[in-house]
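Undergrad:
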Amino acid sequence: MVTQPREDEFKDNDKDEEANRLLTAQSQSLPSSDDEEVAYEAGEKILIVDFDSADAVDSTTVPPFSLKKLWLFTGPGFLMSIAFLDPGNLEGDLQAGAIAGYSLLWLLMWATIMGLLVQLLSARVGVATGRHLAELCRDEYPTWARLVLWFMAEVALIGADIQEVIGSAIAIQILSRGVLPLWAGVVITASDCFMFLFLENYGVRKLEAVFAVLIATMALSFAWMFGDTKPNGKELLMGILVPRLSSKTIRQAVGVVGCVIMPHNVFLHSALVQSRNIDPHKKGRVQEALNYYSIESTIALSITFMINLFVTTVFAKGFYGSKQANSIGLVNAGQYLEEKYGGGLLPILYIWGIGLLAAGQSSTITGTYAGQFIMGGFLNLRLKKWLRALITRSFAIVPTIIVAVIFNTSEASLDVLNEWLNVLQSIQIPFALIPLLTLVSKEQIMGTFRIGPILERVAWTVTALVIVINGYLLLDFLLCEVKGLLFGFVVCTGTAAYVAFVVYLISHSGALPSSWVTLLPQGFHFSGN
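Everything in the sequence shown is counted per full-length UniProt numbering, starting at 1 for the first residue and increasing by one.
Structure (structure tokens):
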């Protein structure tokens with residue numbers, strides 16, 4: 001007796017054929033490592049071992065969860081999380097605590113969740129395509145737009161690196177009791193490039209282990225400070241659960257959100273996830289990797305949230321409502337802590353210095369890493385690792401040393417520099433987020449792993465919110481700092497060009513309604529190279 005195939009079997013076959021078609025299209029778009037720059041060579045990638053032999057039967061089925069496999073996938077999320085703990089973030093935390101008390105802890109939590117969403121999308125692009133964001137942007141945009149995006153990414157990276165290097169230099173100054181000046185600390189920190197190259201020669205896992213030690217150092221240092229100062233538990237819980245915002249704390253609130261999403265970190269995470277040997281042609285393996293990376297990134301950012309919370313609450317307990325609240329910054333924070341809490345077996349000044357040094361060193365090394373991927377991806381440079389790291393490090397270190405010498409005259413001048421750097425990084429955010437959402441929403445690039453319409457709307461809403469918040473910071477800063485007709489004209493011209501390019505990126509993404517796109521100049525809605 002011959003049985004007729006059921007209608008649902010035809011549907012399943014159709015789905016499988018469609019999935020294979022999209023995955024084939026993806027594989028055809030993947031470049032050969034012989035003629036293009038890649039994040040990791042095949043020999044550098046970590047092999048994901050199948051602990052259950054049954055895992056290898058069906059490439060479209062997601063293997064069962066395994067703690068051993070989670071351990072193999074653990075690493076990229078923690079390297080990515082370093083950007084949530086850089087000295088610029090720590091300064092935002094301590095100022096939020098000193099000026100707003102516990103009232104902005106809820107915002108810190110939700111900002112971290114928004115940052116997690118962005119980083120998961122970045123990881124999704126890297127795993128599903130086998131290429132990182134800078135490489136994909138090189139193919140997606142015409143040459144002029146690609147070069148502008150590369151320039152903006154480099155500017156954002158330099159701005160972040162200056163903050164990170166100066167943060168490390170301040171920590172070195174604290175721990176040396178002022179014997180080493182700021183510029184000397186900058187030079188010492190710059191040498192981390194060579195430490196990075198040394199570690200990279202021993203493999204990805206060794207590098208990840210060093211970062212784990214640095215994160216643990218930060219966690220222990222700031223947890224010790226938290227236990228030492230004994231913040232109010234009830235007020236801390238209320239700060240997390242009850243949203244509060246006043247006109248006096250709006251600037252700190254903007255700073256809390258603005259510090260979370262770092263443009264270079266969006267590029268970095270899409271490259272880091274490729275350190276594992278995942279076949280992008282096998283749907284089950286790709287989904288498995290996305291599941292493990294989601295778990296790992298969530299754990300990593302939960303730890304960073306706790307560390308940021310420790311810093312915020314320590315300064316909320318010690319300085320909220322005090323005379324020093326409005327003048328406290330990264331430069332004088334250690335001095336104020338020592339005056340407030342004194343010495344003891346382990347003086348709080350040195351604990352703060354150790355935590356700050358770990359934050360600065362780890363973030364400068366990840367900055368070097370991100371710089372390699374950004375430059376290599378956008379420009380398709382196939383250089384030796386030591387040369388590529390030296391070039392990207394020089395891009396940031398040379399201006400940093402100049403800045404350290406010029407601004408090492410007073411605490412006030414360094415605070416002004418930090419404000420300028422925050423603004424510099426804020427205006428770069430659209431040039432990482434908009435390309436990311438453009439690519440992760442395209443079926444011809446992502447195949448079956450493109451995000452759905454609901455997640456796409458949520459992601460665009462978060463992006464719009466972050467851009468508006470950082471736009472407020474930019475406007476507030478310019479209204480205070482822009483003086484003189486010529487300077488005002490230059491700023492207005494630059495702002496017009498900036499807005500025009502952001503509109504171009506959005507129109508290119510297809511997120512604007514078609515009726516709006518037709519109103520734009522002709523050059524704004526082409527998509528070819």
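We treat Cβ as the ideally placed atom computed from N, Cα and C, and that holds for glycine.
Report the three-state DSSP secondary structure of arginine 276 (helix, strand or coil).
TA: In the sequence shown, counting from the first residue as 1, residue 276 sits at position 276. Arginine 276: strand per DSSP, three-state reduction.
Undergrad: Note down, in chain order, each residue of its chain lying with its Cβ closer than 6 Å to the Cβ of threonine 313, except the 5 sequence neighbours on either side.
TA: Position 313 of the sequence shown, counting from 1, holds the residue named residue 313. Only Pro231, Leu236 meet the Cβ criterion.
Undergrad: Since isoleucine 354 and serine 221 are thought to touch, with beta carbons under 8 Å apart, how far apart are those beta carbons, to the nearest angstrom?
TA: Here the question's residue 354 lines up with position 354 in the sequence shown. Here the question's residue 221 lines up with position 221 in the sequence shown. So it is a contact: roughly 5 Å between Cβ atoms.
Undergrad: Rounded to the nearest angstrom, what separates aspartate 279 and cysteine 137 at their Cα positions?
TA: One-based indexing of the sequence shown puts residue 279 at position 279. One-based indexing of the sequence shown puts residue 137 at position 137. Rounded to whole angstroms, aspartate 279 to cysteine 137 spans 21 Å at the Cα level.
Undergrad: What's the gap between the Cα of leucine 495 and the Cα of aspartate 476?
TA: Here residue 495 corresponds to residue number 495 of the sequence shown, with the count starting at 1. Here residue 476 corresponds to residue number 476 of the sequence shown, with the count starting at 1. It is worth fixing the name first, because residue 495 is threonine in this sequence and not leucine. Near 14 Å, if we compare the C-alpha coordinates of aspartate 476 and threonine 495.
Undergrad: Can you list the beta strand (DSSP E) stretches of 3 or more residues lying completely in the stretch 76 to 105, in chain order?
TA: Taking only runs of at least 3 residues, no beta strand (DSSP E) segment lies wholly in the stretch 76 to 105.
Undergrad: Can you give me the C-alpha to C-alpha distance between leucine 147 and leucine 479, rounded to a whole angstrom?
TA: Numbered from its first residue, the sequence shown carries residue 147 at position 147. Numbered from its first residue, the sequence shown carries residue 479 at position 479. Straight-line Cα distance between these residues: approximately 30 Å.
Undergrad: For phenylalanine 78 versus phenylalanine 211, is the C-beta spacing smaller than 8 Å?
TA: Reading the sequence shown from its first residue, position 78 is the one you call residue 78. Reading the sequence shown from its first residue, position 211 is the one you call residue 211. Going by C-beta atoms, phenylalanine 78 is nearer than 8 Å to phenylalanine 211.
Undergrad: By Cβ distance below 6 Å, which residues in the same chain neighbour arginine 285 in space, the five residues on each side in sequence not counted?
TA: Counted from its first residue, the sequence shown places residue 285 at position 285. So the list reads Ile278, Asp279, once near-sequence residues are dropped.
Undergrad: Hey, could you find the ends of the alpha helix (DSSP H) glutamine 173 is sitting in?
TA: By 1-based counting over the sequence shown, the position of residue 173 is 173. 143 to 175 is the extent of the alpha helix (DSSP H) around glutamine 173.
Undergrad: Is it buried or exposed for tryptophan 71, if we count other Cβ within 10 angstroms and need 16 for buried?
TA: Taking the first residue of the sequence shown as 1, we reach residue 71 at position 71. So tryptophan 71 ends up on the exposed side.
Undergrad: Is the distance from the Cβ of glutamine 372 to the Cβ of aspartate 192 below 8 Å?
TA: Counting from 1 along the sequence shown, the entry for residue 372 is found at position 372. Counting from 1 along the sequence shown, the entry for residue 192 is found at position 192. Their beta carbons are not under 8 Å apart, which means glutamine 372 does not touch aspartate 192 by this criterion.
Undergrad: So, are the CB atoms of glutamine 428 and alanine 219 less than 8 Å apart?
TA: Translated into the one-based positions of the sequence shown, residue 428 becomes position 428. Translated into the one-based positions of the sequence shown, residue 219 becomes position 219. No. Outside cutoff.
Undergrad: Select from Leu47, Ile295, Pro263 the residue whose C-alpha is nearest the C-alpha of leucine 120.
TA: Along the sequence shown, one-based indexing puts residue 120 at 120. Leucine 120 has its Cα closest to that of Ile295, out of Leu47, Ile295, Pro263.
Undergrad: Kindly indicate which residue of Met375, Leu133, Tyr504 has the alpha-carbon position closest to the one of isoleucine 445.
TA: Along the sequence shown, read from residue 1 onward, the residue named residue 445 stands at position 445. Considering only alpha carbons, the answer is Leu133.
Undergrad: On the three-state DSSP scale, how would you describe isoleucine 445?
TA: Locating residue 445 in the sequence shown gives position 445, counting from the first residue. DSSP places isoleucine 445 in helix when its eight states are reduced to three.
Undergrad: Rounded to whole angstroms, what is the Cα-Cα separation between alanine 169 and glutamine 324?
TA: As a working mapping, residue 169 is identified with position 169 in the sequence shown. As a working mapping, residue 324 is identified with position 324 in the sequence shown. Taking the straight line from one Cα to the other gives about 23 Å.
Undergrad: If I measure Cβ to Cβ from valine 266 and keep anything under 8 Å in the same chain, skipping five residues before and after, which residues do I get?
TA: Here the question's residue 266 lines up with position 266 in the sequence shown. Here the set comprises Val118, Gln119, Ser122, Leu133, Ala432, Leu433, Leu436.
Undergrad: In the DSSP assignment, what are the bridge partners of isoleucine 46?
TA: For this step, residue 46 is matched to residue 46 along the sequence shown. Beta-bridge pairing links isoleucine 46 to Arg276.
Undergrad: Rounded to the nearest angstrom, how far is the Cβ of asparagine 418 from that of glutamine 252, given a contact under 8 Å?
TA: For the purposes of this step, residue 418 is taken as residue 418 along the sequence shown, with counting starting at 1. For the purposes of this step, residue 252 is taken as residue 252 along the sequence shown, with counting starting at 1. Incorrect: roughly 14 Å between the Cβ atoms, too far for contact.
Undergrad: Could you please give the first and the last residue of the uninterrupted alpha helix (DSSP H) stretch that includes glutamine 335?
TA: Within the sequence shown, numbered from 1, the residue matching residue 335 stands at position 335. Where glutamine 335 is concerned, the enclosing alpha helix (DSSP H) stretches over 333 to 341.
Undergrad: Sorted by chain position, which residues of the same chain lie with C-beta nearer than 7 Å to serine 509's C-beta, five sequence neighbours on each side aside?
TA: Locating residue 509 in the sequence shown gives position 509, counting from the first residue. The answer, listed in chain order, is Ile434, Leu437, Thr438.
Undergrad: Quick one: Cα of tyrosine 292 to Cα of asparagine 201, how far?
TA: Within the sequence shown, numbered from 1, the residue matching residue 292 stands at position 292. Within the sequence shown, numbered from 1, the residue matching residue 201 stands at position 201. Rounded to whole angstroms, tyrosine 292 to asparagine 201 spans 26 Å at the Cα level.
Undergrad: Between the stretch 98 to 114 and the stretch 242 to 262, do at least 3 Cβ pairs fall closer than 8 Å?
TA: Yes: the two stretches touch, three or more of their Cβ pairs being nearer than 8 Å.
Undergrad: Along the alpha helix (DSSP H) that carries lysine 234, what are the first and last residues, could you check?
TA: Your numbering for residue 234 matches position 234 in the sequence shown. Here the alpha helix (DSSP H) through lysine 234 covers 233 to 241.
Undergrad: Whose C-alpha, out of Ala83, Val49, Ala98, is nearest the C-alpha of asparagine 326?
TA: Counting from one through the sequence shown, the residue named residue 326 turns up at place 326. Of the candidates Ala83, Val49, Ala98, the one whose C-alpha sits nearest the C-alpha of asparagine 326 is Ala98.
Undergrad: Going by C-alpha to C-alpha distance, which of Val257, Ile469, Lys69 sits closest to phenylalanine 84?
TA: If you number the sequence shown from 1, residue 84 lands on position 84. If we check each option's Cα against that of phenylalanine 84, Val257 comes out closest.
Undergrad: Measure the Cβ-Cβ separation of leucine 116 and leucine 301 and say whether it is below 8 Å.
TA: Here residue 116 is taken as the residue at index 116 of the sequence shown, counted from 1. Here residue 301 is taken as the residue at index 301 of the sequence shown, counted from 1. For leucine 116 and leucine 301, yes; Cβs fall inside 8 Å.
Undergrad: Considering proline 430, what are the terminal residues of the alpha helix (DSSP H) in which it resides?
TA: What you label residue 430 is simply residue 430 of the sequence shown in a count that begins at 1. Residues 430 to 440.
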